[in-house]
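S.K.:
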Amino acid sequence: MKRSELLRRIGGAAKRRKLAWKLRRQGAQHEIWELDGMTVPIPRHREISERLARAIMADLAGKLGENWWRLS
1 MKRSELLRRI GGAAKRRKLA WKLRRQGAQH EIWELDGMTV PIPRHREISE RLARAIMADL
61 AGKLGENWWR LS
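With the first letter of the sequence shown counted as 1, position 14 gets the number 14 in my numbering; the numbers rise by one all the way through.
#1: For a test of the three-state rule: what should DSSP assign to residue 34, helix, strand or coil?
#2: Pick from 39, 34, 20 and 12: whose alpha carbon is nearest that of residue 68?
#3: So residue 1 and residue 48 are supposed to be a Cβ contact under 8 angstroms. How far apart are they, rounded?
#4: For residue 65, tell me which candidate among 34, 17 and 28 has the shortest Cα-Cα distance.
#5: Please classify residue 2: does DSSP put it in a helix, a strand, or coil?
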C-alpha cells in the first residue's frame, strides 16, 4: 500500500468521526502522527507492506472503531 493512501484513509476516517489527526514530528525514518491523543508512527517509505499497513490500521481500531478500514 502506498504511504499516501494509508494517510488519506486514516485522515478521512478521523475527519468523519471528528477526531484530531495531526503530524507531531518528522524523523529520518518515521513520521510521528497523533490521532486524538494516540501516538502513531508511520514509516517514511513510499510503499508500506500490506502486513504493516493492516497492523497500523488495527492499532487504530480503538479510536476509529473495529474494522473501520473495511467500512471506509
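Note that the Cβ used here is the ideal one computed from N, Cα and C, for glycine as well.
M.R.: Considering the structure as presented:
#1: In the structure shown, residue 34 sits in a strand (DSSP, three-state: E or B).
#2: 12
#3: 5 angstroms
#4: 17
#5: strand
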